[in-house]
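**Student:** I'd like to ask you about the structure that follows.
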Amino acid sequence: MLILCKVWIKKLMRNSRVLLMIICSSLTIVVGANAAPPEQVHLATTGITSEMVIQWGTQEDTTLSCPSDSNVEYGTDSNELNQTASGDDDMYLWTTCTHTVLLSDLSPNTTYYYRVGGSGEWSDIFSFSTLEENPETITIGALADHGTSSNAEETTTNMANDVFDLVIHPGDISYANNAGAGNGWGDNTVWDEYQNQIETVASKYPHMYSPGNHEEDDDPYGFDAYESRFYNPGPNSFWYSFDYEFIHFISVSSEHDYDPGSTQHNWLQSDLETANNNRENVPWIVFFAHRPMYSSNGDGSGHGSEIEFRDAMESLLYQYDVDLAIYGHDHHYERTYPVFEENVLSTSSGNISDPYYNPPGPIHIVQGNAGRSIYDGLEDPQPNWSAYRELSYGYTKFDVTKDSLHFIFIRNDDGSIGDEFWLYNYNVSDIPNESSGSKMNKSLSSLGLIQTIIGILAITLVKSKKRI
Ligand SMILES: [Fe+2]
Numbered sequence: 001m002l003i004l005c006k007v008w009i010k011k012l013m014r015n016s017r018v019l020l021m022i023i024c025s026s027l028t029i030v031v032g033a034n035a036a037p038p039e040q041v042h043l044a045t046t047g048i049t050s051e052m053v054i055q056w057g058t059q060e061d062t063t064l065s066c067p068s069d070s071n072v073e074y075g076t077d078s079n080e081l082n083q084t085a086s087g088d089d090d091m092y093l094w095t096t097c098t099h100t101v102l103l104s105d106l107s108p109n110t111t112y113y114y115r116v117g118g119s120g121e122w123s124d125i126f127s128f129s130t131l132e133e134n135p136e137t138i139t140i141g142a143l144a145d146h147g148t149s150s151n152a153e154e155t156t157t158n159m160a161n162d163v164f165d166l167v168i169h170p171g172d173i174s175y176a177n178n179a180g181a182g183n184g185w186g187d188n189t190v191w192d193e194y195q196n197q198i199e200t201v202a203s204k205y206p207h208m209y210s211p212g213n214h215e216e217d218d219d220p221y222g223f224d225a226y227e228s229r230f231y232n233p234g235p236n237s238f239w240y241s242f243d244y245e246f247i248h249f250i251s252v253s254s255e256h257d258y259d260p261g262s263t264q265h266n267w268l269q270s271d272l273e274t275a276n277n278n279r280e281n282v283p284w285i286v287f288f289a290h291r292p293m294y295s296s297n298g299d300g301s302g303h304g305s306e307i308e309f310r311d312a313m314e315s316l317l318y319q320y321d322v323d324l325a326i327y328g329h330d331h332h333y334e335r336t337y338p339v340f341e342e343n344v345l346s347t348s349s350g351n352i353s354d355p356y357y358n359p360p361g362p363i364h365i366v367q368g369n370a371g372r373s374i375y376d377g378l379e380d381p382q383p384n385w386s387a388y389r390e391l392s393y394g395y396t397k398f399d400v401t402k403d404s405l406h407f408i409f410i411r412n413d414d415g416s417i418g419d420e421f422w423l424y425n426y427n428v429s430d431i432p433n434e435s436s437g438s439k440m441n442k443s444l445s446s447l448g449l450i451q452t453i454i455g456i457l458a459i460t461l462v463k464s465k466k467r468i
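When we follow the numbering used here, the leftmost residue of the sequence shown carries the number 1, and every step to the right adds one.
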């Protein structure tokens, strides 16, 4: 009966799905249910690097109860998972139950092996590594507008072969919703398919998300899948922040009210003020959201720069000196110069010999090119705030130290670097580190050379005079 009900649900038209699920749920309550095998294993961070949040899904027989266990067995030897932790589960109007377990008191610079489940239904053994204590460099990966296409699978494969400490995803995750089709609810099996596809990356590195327009489905789902399936720190599911070593990450929702005076806008202002006052401990601020404040890929599509979003929030990013803003939504790669109100604030190229030194406005990145069809609507001419743009699939990655940030866009096609830039969070005149120190040494060497030349000339002159 249980299997039959699930087959009915998948085969029948979407308009009758919820009603059928309720009927099937009622039938299966009578029959009873057992634990289901874990799948869709993924990690998230609280921001505390001695902790790790582990989540996974189980396919239950009803939307009403989750009999599967929420246990994790883990340890530093894959043959001896000698520690245990338990957590909670959550469901929405779908048969996937999401389990969430927090591991704490983890040792730094250590690989942990783990499996999830319980009651005879356990996952394979996965692993993750904790950050070393006081790391010199941390590596962040980023992707957006992913989905389940063959291009999306290629991004997943490429990211699985790369190395990160943390991955951020500013929205349009699975494309399970039915937006635009106008004929009922989306197919929540696509969420399950997606989360199984990304498991190879998400079971290894914590992933943190922003909601995109494709996270919202018709009633009764709304954003339920997004809220149920993904952990984030903080009381609000749609906007939150966390410190990750020397980066303060802020994720906001371009899909909810962001206007001045809104709850979200007030929260952002307060969060940025606090973060900006904490630069000594956490020097970088990285902002991510789905819709781009700057994009020149919108010809005739209704995409491109999200002016309303920009008008509402850009002044806060400028006022509190946000360093980097990362978006999806438009399916290409694009990087701006440091910019505010479309005024370019630095025309440095960003390459290693001409990097950005503490620019007064953020650099904005569009990277909605992880799997959905590339948009071919580049504005012509290229706006003056647009430093680089490219129509190809891939993901981005940035290495961050306390005072430097090296950002790269990696193409799916051949793994080559499509774009890169260097950003320092100090003024070139401050000379706080070796890099600037070497510049100073070069300057001093030049000065010494000039002094030497002047000295030789003076001696020559004196000798000439003596000869006269
Ligand atoms: Fe989008």
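All residues carry an ideal CB built from backbone N, CA and C; glycine is no exception. Only a predicted model underlies this, so the values are computations on that prediction, with no experimental measurement involved.
For ligand 1, is there a heavy atom less than 7 Å away from the beta-carbon of Asp-145?
**Tutor:** Counting from one through the sequence shown, the residue named residue 145 turns up at place 145. It does: the Cβ of Asp-145 is within 7 Å (strictly closer) of some heavy atom of ligand 1.
**Student:** Would you identify the three-state DSSP class for Asn-158, choosing helix, strand or coil?
**Tutor:** Along the sequence shown, one-based indexing puts residue 158 at 158. Correct three-state label for Asn-158: helix.
**Student:** Can you tell which of Tyr-221, Ala-225, Gln-269 has the C-alpha that lies nearest to the C-alpha of Tyr-240?
**Tutor:** Taking the sequence shown and counting its residues from 1, one reaches residue 240 at position 240. Nearest of Tyr-221, Ala-225, Gln-269 to Tyr-240, Cα basis: Gln-269.
**Student:** What I want to know is whether the C-beta of Asp-354 ends up closer than 7 Å to one or more non-hydrogen atoms of ligand 1.
**Tutor:** Taking the first residue of the sequence shown as position 1, residue 354 is located at position 354. No, since every heavy atom of ligand 1 falls outside the 7 Å radius drawn around the Cβ of Asp-354.
**Student:** When DSSP builds the beta bridges, which residues end up paired with Tyr-395?
**Tutor:** Counting from 1 along the sequence shown, the entry for residue 395 is found at position 395. Answer by DSSP bridge pairing, in chain order: Ile-410.
**Student:** Looking at C-alpha atoms only, which residue of Met-91, Cys-66, Asp-105, Glu-136 is the closest neighbour of Thr-84?
**Tutor:** Here residue 84 is taken as the residue at index 84 of the sequence shown, counted from 1. Minimum Cα distance to Thr-84 is reached at Asp-105.
**Student:** Nearer than 7 Å: is that true of the beta carbon of Asn-151 relative to any heavy atom of ligand 1?
**Tutor:** Here residue 151 corresponds to residue number 151 of the sequence shown, with the count starting at 1. Result no, Cβ not under 7 Å from ligand 1.
**Student:** Can you pull the DSSP bridge partners for Met-208?
**Tutor:** What you label residue 208 is simply residue 208 of the sequence shown in a count that begins at 1. DSSP output for Met-208 lists Ile-168 as bridge partner(s).
**Student:** Where does Arg-229 fall in DSSP's three states?
**Tutor:** What you label residue 229 is simply residue 229 of the sequence shown in a count that begins at 1. In the structure shown, Arg-229 sits in a helix (DSSP, three-state: H, G or I).
**Student:** Any heavy atom of ligand 1 closer than 7 Å to the Cβ of Gly-212?
**Tutor:** Here the question's residue 212 lines up with position 212 in the sequence shown. Under cutoff, so the answer is yes.
**Student:** Do Trp-284 and Phe-246 have their CB atoms nearer than 8 Å?
**Tutor:** As a position in the sequence shown, residue 284 is number 284, starting the count at 1. As a position in the sequence shown, residue 246 is number 246, starting the count at 1. Yes; because the gap between Cβ atoms is below 8 Å, this pair is in contact.
**Student:** So Thr-401 and Thr-137 are in contact, right, with Cβ under 8 Å, and what is the actual spacing, rounded?
**Tutor:** Within the sequence shown, the letter at position 401 stands for residue 401. Within the sequence shown, the letter at position 137 stands for residue 137. That pair is a contact at about 5 Å.
**Student:** Within this structure, are the beta carbons of Glu-255 and Gly-298 separated by less than 8 Å?
**Tutor:** Looking up residue 255 in the sequence shown gives position 255. Looking up residue 298 in the sequence shown gives position 298. No, the Cβ-Cβ distance between Glu-255 and Gly-298 is not below 8 Å.
**Student:** Name the two residues that bound the continuous beta strand (DSSP E) containing Leu-324.
**Tutor:** One-based indexing of the sequence shown puts residue 324 at position 324. Element bounds for Leu-324: 324-327.
**Student:** Counting along the chain, where does the beta strand (DSSP E) carrying Glu-334 start and finish?
**Tutor:** Within the sequence shown, residue 334 is the residue found at index 334, counting from 1. Per DSSP, Glu-334 belongs to the beta strand (DSSP E) from 333-336.
**Student:** Should Val-477 go down as buried or exposed, given a rule of 16 or more other Cβ atoms within 10 Å for buried?
**Tutor:** The structure shown does not extend to residue 477, since the chain is modelled only from 1 through 468, so no value can be given for it.
**Student:** In the DSSP output, what is Asp-243 paired with across the bridge?
**Tutor:** In the sequence shown, residue 243 corresponds to position 243, counting from 1. In DSSP, Asp-243 forms a bridge with His-248.
**Student:** Between Asp-172 and ligand 1, is there a pair consisting of the residue's CB and a ligand heavy atom that are separated by less than 7 Å?
**Tutor:** Here residue 172 refers to the residue found at position 172 of the sequence shown. Yes, the Cβ of Asp-172 comes within 7 Å of a heavy atom of ligand 1.
**Student:** When DSSP labels each residue in this structure, what does Ile-54 get in the three-state scheme?
**Tutor:** For this step, residue 54 is matched to residue 54 along the sequence shown. Residue state, collapsed to three classes: strand.
**Student:** Whole angstroms is fine: what's the gap from Arg-17's alpha carbon to Tyr-221's?
**Tutor:** What you label residue 17 is simply residue 17 of the sequence shown in a count that begins at 1. What you label residue 221 is simply residue 221 of the sequence shown in a count that begins at 1. Because the pLDDT of Arg-17 is 45, which lies under 50, any placement of that residue in the model is unreliable, and the number read from its coordinates should be weighed accordingly. If you take the alpha carbons of Arg-17 and Tyr-221, they lie about 12 Å apart.
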